[in-house]
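Here the structure comes first, spelled out in structure tokens, and everything after it is commentary.
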Amino acid sequence: MEQKKVYLDNAATTQVRADVIAKMQKALADCYGNPSSTHSFGRSAKTVVETARKTIAKYLNAHPSEIVFTSGGTEADNMIMRSAVRDLGVKTIITSKIEHHAVLHTAEDLVGEYGIALKFVALDGFGNPDYGDLEALLRQDDSKKLVSLMHVNNEIGNIIDMEKLCALCKEHSALLHSDTVQSIGHYEWDLQESGIDFLTAASHKFHGPKGVGFAFVRKNSGLKAFISGGSQERGFRGGTESFHNIVGLETSFVAAYDNLEEERTYVRGLKQHFIQGMAREIPDAKFNGYSGDMDKSTYTLVNVSLPVSEQKALMLLFHLDLKGIACSKGSACQSGSDKGSHVLSEILSEEDLRKPSLRFSFSKYNTREELDYVIGVLKDFLAS
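Sequence positions in the sequence shown follow this note's numbering and run 11 to 394.
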């Protein structure tokens, strides 16, 4: 009997859509000119890159010049934060202790390299920022400030109040950056109406290829080149564009937004089914952060704490893998590390931290039958 395979690690990366693969293959085969070359081969490639830029800008209601292609979210976060300190005179970065390490480690590096001040906004027990504390940090001194808070947390799924955040930053003349890697492709954005200055995206979070993403950099921001060596990407990022990946990014981005309502309704139904099934079959399980709340967290993931002893917990991921189930203990960027989740360590008690927590994340390719299978495997493991 063939081993059942269930992939529930979509917050780490997603299955690439078949039409994305086909268009990337065609791009590699047919359009191989360097986009910077002036001959017809190069002009053809350049047209495709600029068309992709315009397409993405149109869906986000941004200007094409505000879209900068990168190798993914981590590079985009680094580019924005480092350039804000180097070029814009930022002296204070305000963030939270549950951000992605692409933000946290970059901020820590900037403290050592530039002597900036790094402040952390207080969090409640669910992992939400205390907006009163944020306002106090913004009022603390007259230094130029950059606030960096993610729209959707990659481990517990909490959704930040972006409207309130934008208003606070505008009131106090602070720049606002948001790691929106778990958000772009899953939520609509109107960047002309929003007060956000910078955001980041990665195509492999919405069924596109790995190794490509983009940054939104508001016009006339003052940011300068992050990677020197050429005039590509409006001078922000030197180097020949990853043409086939940009084609894949555009194709997956368009598919995500053209099918957003239908696919969001479907995936939201999967999450609801999983929550209800867990409540019925494993009532002692707890959902971390707001991940069990359908309105206060993203529809794409849950983070579950299971009633298991520390000793038995050591075998849990191994057992799930044997059963063909893919999920995450903490974020995928932590795998291979024996450190626990820095997100959960900020919001859980010492007692709850000793219990295993798993992140299950869903996509259009999952089914309710798969979720029932996973819940059954977990129930059997807890009873054994």
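Yeah, the Cβ is synthetic: ideal placement off N, Cα and C, and Gly gets one too.
Who are the near neighbours of residue i in its chain, counting only those whose CB is closer than 7 Å to its CB and skipping five residues on each side?
i, result
"D87", "A112, V113, T116, D189, T210"
"K389", "E291, I292"
"G287", "L381, D382, I385"
"S394", "none"
"Q150", "none"
"S106", "F130, V131, L133, P139, L159"
"S238", "G248"
"N20", "T310, S371, F372, S373"
"Y276", "K374"
Compare the C-alpha of residue i against each of the options and name the closest.
i, options, result
"E118", "F136, L133, V95, P139", "V95"
"T310", "L175, D331, H283, A295", "H283"
"A336", "P317, D97, E380, K64", "E380"
"R244", "S231, S183, H254", "S231"
"A37", "V257, L324, A393", "V257"
"V384", "G302, Y42, Y124, L280", "L280"
"T23", "I206, A39, F216", "F216"
"G125", "K101, V314, S319, S238", "K101"
"Q192", "H161, L175, E181", "H161"
"V227", "H214, L120, E360, R247", "R247"
"G221", "D207, F253, T57", "F253"
"Q202", "E360, N71, A67", "N71"
"E271", "I104, L316, E198", "E198"
"L363", "H110, K349, D303, E85", "K349"
"I166", "M34, S213, H182, V314", "V314"
"L326", "M304, K365, N298", "K365"
"N255", "S213, Y267, R378", "S213"
"V318", "A235, E361, K68", "E361"
For residue i, which of helix, strand or coil comes out of DSSP?
i, result
"K33", "helix"
"H187", "strand"
"V384", "helix"
"L201", "coil"
"N88", "helix"
"K6", "Lying before the first or after the last residue shown, residue 6 is absent from the chain, which here runs from 11 to 394."
"L316", "coil"
"R278", "helix"
"P74", "helix"
"N168", "strand"
"A177", "helix"
"V353", "coil"
"L270", "helix"
"S93", "helix"
"S252", "coil"
"I206", "coil"
"V396", "This structure does not reach residue 396, given that the chain is present from 11 up to 394, and the question cannot be answered."
"L147", "helix"
"I194", "strand"
"M325", "coil"
"T65", "helix"
"H283", "helix"
Check the DSSP bridge columns for residue i and list the partner residues they point to.
i, result
"L128", "I103"
"F236", "According to DSSP, F236 bridges with nothing at all."
"F224", "F79, A211"
"K155", "T102"
"R53", "Bridge partners of R53: none, in fact."
"P293", "In the DSSP output, where bridge partners are listed per residue, P293 has none listed."
"V58", "Answer by DSSP bridge pairing: none, since V58 is not bridged."
"L368", "V314"
"S338", "R369"
"S307", "N168"
"V162", "I169"
"L133", "P139"
"R247", "I237"
To which residues of the same chain is residue i closer than 8 Å at the C-beta, ignoring the five residues directly before and after it?
i, result
"G334", "Q13, K14, K15, V16"
"K229", "H73, S75, E76"
"D171", "Y141"
"V30", "H217, G218, P219, G258, T261, S262, A265"
"A177", "G205"
"R6", "Absent from the structure is residue 6, since the part of the chain shown begins at 11 and ends at 394."
"T250", "N44, P45, S46, G240, Q242"
"I90", "H187, F208, T210, A225, V227, L233"
"R274", "H196, Y309"
With a CB to CB cut of under 6 Å and the five nearest residues on each side skipped, what residues in its chain are close to residue i?
i, result
"Y300", "F136, N168, K306, S307"
"G422", "This structure cannot settle anything about residue 422, because the visible part of the chain is limited to 11 through 394."
"L358", "none"
"C179", "V157, L186"
"Y375", "Q25"
"L128", "I103, A117, V121"
"I194", "A211"
Check the Cβ-Cβ distances between residue i and every residue of chain D, and say whether any is below 7 Å.
i, result
"G167", "Here chain D cannot be found, since the structure has a single protein chain."
Could you check whether the Cβ of residue i sits closer than 6 Å to any heavy atom belonging to the ligand MG?
i, result
"Q35", "Summarising the ligand content, the structure contains no ligands, and the ligand MG is consequently not present."
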